[in-house]
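Numbering (our numbering), first residue to last: 20 to 77.
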């Protein structure tokens, strides 16, 4: 798989969370890729992190 093909797969896989990814991009320094990685790493249910500190220690 080439780099551009992989990017297409990532973008397509991220579509269910497009709104959350857009919100993450409002954080200074967070672009599309970083937002996608954050969403992939933290999962769809952020309620499992009671505070920002809990998320940061993950």
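We put the CB at the ideal spot given by N, CA and C, even for glycine.
All values derive from a computational prediction rather than experimental measurement.
Next on the checklist: Only counting the same chain, and skipping five residues up and downstream in sequence, which positions put a Cβ closer than 7 Å to that of residue 44?
Outcome noted: 50, 51, 54
Checklist entry - Span of the alpha helix (DSSP H) holding residue 33? => result 22-33
Checklist entry - Are the CB atoms of residue 75 and residue 36 nearer to each other than 9 Å? => result no
Checklist entry - Which of the three DSSP states, helix, strand or coil, is assigned to residue 44? => result coil
Item to check | Boundaries (first-last residue) of the alpha helix (DSSP H) holding residue 53 | outcome: 51-61
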